[in-house]
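Colleague: Here it is: the structure, laid out below.
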Amino acid sequence: MSGSIRFERDAGDARIGRIVIAHPVKLGAISVAMWRSLRDIAASLDAMVPTLHSVIVCGEGGNFAAGADIAEFPDFRFDPDTLRDYHEGVIAPALHALRATDVPLIAQIEGACVGGGLEIAACCDLRIGQPDARLGAPVATLGFPMAPDELAAVLAAFGRAGAAELLLEAGLLDAASALQRRLLHRVADDAASEAWATAQRIARNPASVARANKRTLRQLLAGGPTEPERAAHFGYAASVTHREGVAAFLEHRAPDFHDDQR
Amino acid sequence: MSGSIRFERDAGDARIGRIVIAHPVKLGAISVAMWRSLRDIAASLDAMVPTLHSVIVCGEGGNFAAGADIAEFPDFRFDPDTLRDYHEGVIAPALHALRATDVPLIAQIEGACVGGGLEIAACCDLRIGQPDARLGAPVATLGFPMAPDELAAVLAAFGRAGAAELLLEAGLLDAASALQRRLLHRVADDAASEAWATAQRIARNPASVARANKRTLRQLLAGGPTEPERAAHFGYAASVTHREGVAAFLEHRAPDFHDDQR
Amino acid sequence: MSGSIRFERDAGDARIGRIVIAHPVKLGAISVAMWRSLRDIAASLDAMVPTLHSVIVCGEGGNFAAGADIAEFPDFRFDPDTLRDYHEGVIAPALHALRATDVPLIAQIEGACVGGGLEIAACCDLRIGQPDARLGAPVATLGFPMAPDELAAVLAAFGRAGAAELLLEAGLLDAASALQRRLLHRVADDAASEAWATAQRIARNPASVARANKRTLRQLLAGGPTEPERAAHFGYAASVTHREGVAAFLEHRAPDFHDDQR
């Protein structure tokens with residue numbers, strides 16, 4: 001049975017989506033087709049209606065994702081052109097789309113979060129681990145280095161010291177070690193419950209505001225924002241959401257953001 | 001009673017200054033006038049004589065600073081021009097002046113350190129928390145995103161992972177959580193005592209040296225230093241302070257830096 | 001007895017090298033001649049045959065390195081030209097050579113790791129501390145600031161918050177404090193044994209792969225990789241090492257990387 005990556009809205013709360021990495025017989029190994037699905041899904045998030053407040057990225061069957069589906073490797077890895085296309089034309093666009101979306105991404109990390117799985121987690125905004133999580137990038141054991149765009153995502157999330165340890169020792173870290181190194185934001189006995197609770201916390205506030213914050217973070221990391229981006233940033237001045245948030249505070253009541261426009 | 005921000009020298013040790021955020025009836029909420037005072041004070045630190053070794057930034061009445069004074073918001077927030085001027089013409093210059101001073105800044109964080117208060121703490125060199133500290137940037141609950149220059153300060157101090165958690169979850173972290181995430185350098189039962197002890201440790205060494213170290217850090221973070229900045233750096237070669245420090249070490253005695261020239 | 005820095009292969013396992021900072025009567029103080037040796041050794045690592053998998057950097061006699069050899073300072077420190085040449089013509093090239101090598105560097109940190117010693121440790125990929133380790137950059141106590149190129153290495157390894165604390169407080173951190181601040185990757189009761197075990201873990205995987213990963217990290221931190229660097233990266237496509245790693249995984253056996261070409 002081959003794997004798939006699917007997007008779904010939570011049945012009970014449409015403000016919360018899930019990207020499910022589903023390949024349980026292979027611990028969530030990610031095939032070329034699955035990387036392409038992931039890119040398409042991630043690229044579509046910004047346009048989704050009704051308002052999507054956050055997306056939980058998770059695996060199915062107890063593992064986040066064990067990495068690339070190595071069974072496919074002989075088809076393309078041993079020629080420089082097809083190899084490069086795999087890394088730069090298949091994986092990098094998926095990671096790029098994850099890093100480019102304005103929708104908050106919560107990684108719910110159970111079991112294996114390895115290689116390509118770790119790269120996906122690195123592109124999320126929040127990483128919640130379960131005690132059984134094991135994180136690593138042991139790509140060296142397969143006889144090859146991490147591709148530049150993938151290492152860029154790992155480096156941005158985990159820093160020079162973290163990336164060096166992950167790649168050179170090429171081992172797996174348990175949840176406590178990953179927390180100590182700040183690869184995880186927190187560890188919870190039930191990562192699914194904590195990811196859900198986190199999504200609920202995020203959904204209390206306007207989706208438009210979360211998206212604006214992610215946009216500004218991305219602009220800053222790219223050296224900006226530019227003058228037009230600055231001007232655009234303050235376009236929220238007269239918005240219903242802005243007026244309601246300030247008014248509610250001054251009136252000592254809870255804000256009602258249901259008219260928020262993403 | 002409206003708030004104020006004041007600068008004072010320590011009564012017992014003029015080498016140590018304090019920037020006091022004083023608005024106790026509002027948990028240290030910062031008005032437009034207070035942001036302007038903060039900018040003026042921070043911009044004046046480099047020129048202060050006699051030698052100022054460090055400045056403790058603290059609140060009055062048990063809180064560091066609860067953020068902007070929201071009572072003023074209706075006056076200017078709902079028009080893009082006055083909104084932008086508030087963030088870029090009032091707050092950003094204060095944060096910039098804090099980040100631009102060469103004088104070491106120690107944040108003494110008791111109680112609420114929230115929103116604009118967290119932004120001020122992010123501009124300090126050392127952050128000492130008390131167990132009752134709670135840190136956060138729940139600006140999303142007010143229906144608007146963090147302005148770019150303010151997020152730049154938060155990002156520089158707390159990194160991508162920290163900034164994302166603060167802004168997207170929009171909650172408050174207790175002292176232990178803030179320490180684990182390295183938002184605080186340390187936690188002490190009495191933050192005022194520990195800030196004072198830290199200021200004393202800093203004051204043992206020449207003020208000119210601390211300032212040079214901060215200058216070099218700033219140059220490096222801006223992509224430099226330039227060749228003239230490099231040449232200027234080594235201008236201390238023949239200084240009394242330099243000669244005394246090296247001589248004292250070689251003579252197995254404590255150095256006497258009282259002739260240090262800032 | 002003057003000190004020296006020497007390179008040696010491990011007697012039992014030629015895949016592992018050691019850079020030994022040997023000046024035990026001065027706690028590993030580093031003279032001008034020793035800095036020059038360090039530069040020469042570090043610059044020679046990439047070309048070493050047979051395959052060198054990693055290098056442990058360590059002290060002799062229970063200390064990593066206590067910093068520069070201050071007895072030499074009166075010879076050159078009090079003139080701007082000779083001072084600058086010492087920092088930029090002697091120390092900076094040694095640190096640069098350490099940061100430029102593709103061979104993984106493991107700092108085995110016992111006892112004093114101070115000043116120039118901390119700068120060397122900052123240039124390593126992994127830092128393993130012993131409980132007796134004490135780390136710091138108390139250069140201010142000598143009456144002068146850290147030179148820009150040295151601070152650049154400290155900043156890259158320990159971040160703005162870590163560098164500020166090290167330089168402004170100018171104290172020494174014990175192993176637990178250094179671990180909490182992520183100056184150390186881990187603490188082990190016997191740092192030599194743990195450094196050795198780490199080197200063994202690294203040596204299980206191809207040296208060519210570790211080197212490629214370090215090269216990509218360096219390219220990313222320099223703003224790249226460039227298009228030629230990207231193309232070169234994927235040159236491993238048809239290599240024996242790559243084929244063996246993938247084949248071994250698919251055949252459920254341990255890979256045999258003994259034909260790896262560095």
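So the sequences go chain by chain: B, Z and L.
Residues in the first sequence are numbered consecutively from 1, following my numbering.
Residues in the second sequence are numbered consecutively from 1, following my numbering.
Residues in the third sequence are numbered consecutively from 1, following my numbering.
Backbone N, C-alpha and C fix where the C-beta goes; we use that ideal spot for every residue, glycine too.
I'd like to confirm something about methionine 48(L): is its beta-carbon nearer than 6 Å to some heavy atom of the ligand GDP, or not?
Modeller: As presented, the structure is devoid of all ligands, the ligand GDP included, so that no description of it is given.
Colleague: Using a cut-off of 9 Å between C-beta atoms, extract the partners of glutamate 244(L) located in chain B.
Modeller: Ordered by position in chain B, the residues that pass the 9 Å Cβ test against glutamate 244(L) are Gly143.
Colleague: Which stretch, first to last residue, makes up the alpha helix (DSSP H) that contains glutamate 229(B)?
Modeller: 227–233 is the extent of the alpha helix (DSSP H) around glutamate 229(B).
Colleague: Which word fits leucine 250(Z), buried or exposed, when buried means at least 16 other C-beta atoms lie within 10 angstroms of its C-beta?
Modeller: Label assigned to leucine 250(Z): exposed.
Colleague: Across the segment 161–173 of chain B and the segment 102–111 of chain B, are there enough close Cβ pairs to call them in contact, namely three or more that are closer than 8 Å?
Modeller: No, the segment 161–173 of chain B is not in contact with the segment 102–111 of chain B.
Colleague: Cβ of alanine 175(L) within 7 Å of Cβ of glycine 136(L)?
Modeller: No.
Colleague: What would DSSP say about leucine 167(L), mapped onto helix, strand or coil?
Modeller: If DSSP states are grouped into helix, strand and coil, leucine 167(L) belongs with the helices.
Colleague: Which residue comes first and which comes last in the beta strand (DSSP E) that contains aspartate 174(Z)?
Modeller: Its beta strand (DSSP E) spans residues 172–174.
Colleague: Alpha carbon to alpha carbon, how far is arginine 230(B) from leucine 142(Z)? Give it in angstroms, no decimals.
Modeller: Rounded to the nearest angstrom, the two C-alpha atoms are 20 Å apart.
Colleague: Which partner residues does isoleucine 270(Z) have in the DSSP bridge list?
Modeller: Because chain Z in this structure spans residues 1 to 262, residue 270(Z) falls outside the shown range and cannot be described.
Colleague: For the segment 232–242 of chain L against the segment 204–214 of chain L, do three or more pairs of beta-carbon atoms, one drawn from each stretch, fall closer than 8 Å, so that the two count as touching?
Modeller: Yes: at least three Cβ pairs fall under 8 Å.
Colleague: On the CB-based measure, 16 or more other CB atoms within 10 Å of its CB, does arginine 243(Z) come out buried or exposed?
Modeller: Per the 10 Å Cβ criterion, buried.
Colleague: Please classify alanine 191(L): is it buried, with 16 or more other beta-carbons within 10 angstroms of its beta-carbon, or exposed?
Modeller: That one is buried.
Colleague: Cutting at 6 Å between CB atoms, please list the residues of its own chain near alanine 92(L), excluding the five before and the five after it.
Modeller: So the qualifying residues of the chain are Asp149.
Colleague: Verify the CB distance criterion: does phenylalanine 73(B) have a CB-CB separation below 7 Å to chain L?
Modeller: Phenylalanine 73(B) counts as touching chain L.
Colleague: If contact means a Cβ-Cβ distance below 7 Å, which residues of the segment 191–209 of chain B contact chain Z?
Modeller: For the segment 191–209 of chain B, which is checked against every Cβ of chain Z, the residues closer than 7 Å are Thr198, Arg201, Ile202, Asn205, Pro206, Val209.
Colleague: Hey, does arginine 186(B) have any beta-carbon neighbour from chain L nearer than 7 Å?
Modeller: No, arginine 186(B) does not count as interfacial toward chain L.
Colleague: Enumerated in chain order, which unbroken segments of the alpha helix (DSSP H) with a length of 4 residues or greater are wholly contained in the segment 17–69 of chain Z?
Modeller: Counting only runs of 4 or more, we get 32–44.
Colleague: Using a Cβ-Cβ cutoff of 8 Å, what residues of the segment 160–178 of chain L are near chain Z? List them in chain order.
Modeller: Hits within the stretch, in order: Arg160, Ala161, Ala163, Ala164, Glu165, Leu167, Leu168, Glu169, Ala170, Gly171.
Colleague: So, with DSSP's three-state summary, where would you put phenylalanine 144(Z)?
Modeller: Correct three-state label for phenylalanine 144(Z): coil.
Colleague: Does DSSP classify valine 103(B) as helix, strand or coil?
Modeller: In the structure shown, valine 103(B) sits in coil (DSSP, three-state: anything other than H, G, I, E or B).
Colleague: So alanine 122(L) and arginine 182(Z) are supposed to be a Cβ contact under 8 Å. How far apart are they, rounded?
Modeller: Not a contact, Cβ separation roughly 17 Å.
Colleague: Taking the continuous beta strand (DSSP E) assigned at glutamate 8(Z), which residues delimit it?
Modeller: Where glutamate 8(Z) is concerned, the enclosing beta strand (DSSP E) stretches over 4–9.
Colleague: For a contact meaning CB atoms closer than 8 Å, what does methionine 146(B) contact in chain L?
Modeller: Near methionine 146(B) (Cβ distances below 8 Å), the residues of chain L are Asn213, Thr216.
Colleague: So, does the CB of phenylalanine 249(L) fall closer than 7 Å to a CB anywhere in chain B?
Modeller: Output row for phenylalanine 249(L): interface = yes.
Colleague: Determine which residues of the segment 61–87 of chain B have a Cβ less than 9 Å from any Cβ of chain L, and write them out in chain order.
Modeller: Answer in chain order: Ile70, Ala71, Phe73, Pro74, Arg77, Phe78, Asp79, Pro80, Asp81, Thr82, Leu83, Arg84, His87.
Colleague: Just to confirm the assignment, what range does the beta strand (DSSP E) spanning arginine 134(L) have?
Modeller: From DSSP, the beta strand (DSSP E) with arginine 134(L) extends over 134–136.
Colleague: Is there at least one Cβ from chain Z nearer than 7 Å to phenylalanine 234(B)'s Cβ?
Modeller: So, interface residue.
Colleague: May I have the straight-line CA-CA distance separating threonine 216(B) from aspartate 259(B), to the nearest angstrom?
Modeller: Going from the Cα of threonine 216(B) to the Cα of aspartate 259(B) covers about 23 Å.
Colleague: Leucine 38(B) versus chain L: which residues are under 8 Å apart at the beta carbon?
Modeller: Near leucine 38(B) there are no residues of chain L at all, since even the closest Cβ is about 22 Å away, more than 8 Å.
Colleague: With a threshold of 8 Å, are at least 3 pairs of Cβ atoms found where one atom belongs to the segment 93–107 of chain Z and the other to the segment 42–61 of chain Z?
Modeller: At 8 Å Cβ cutoff, the stretches touch.
Colleague: Measure the Cβ-Cβ separation of alanine 65(B) and isoleucine 21(B) and say whether it is below 7 Å.
Modeller: In contact: alanine 65(B) and isoleucine 21(B) (Cβ atoms closer than 7 Å).
Colleague: So, is valine 139(B) buried or exposed, given that buried needs 16 or more other C-beta atoms within 10 angstroms?
Modeller: So valine 139(B) ends up on the buried side.
Colleague: Is there a Cβ from chain B that is less than 7 Å from the Cβ of alanine 238(L)?
Modeller: At least one chain B Cβ lies under 7 Å of alanine 238(L).
Colleague: Using 8 Å for Cβ pairs, my map puts phenylalanine 7(B) next to isoleucine 41(B). What's the rounded Cβ distance?
Modeller: Phenylalanine 7(B) to isoleucine 41(B), Cβ: 5 Å. Contact.
Colleague: Cβ closer than 7 Å: which chain B residues qualify as neighbours of proline 104(L)?
Modeller: Within chain B, the residues near proline 104(L) are Leu168.
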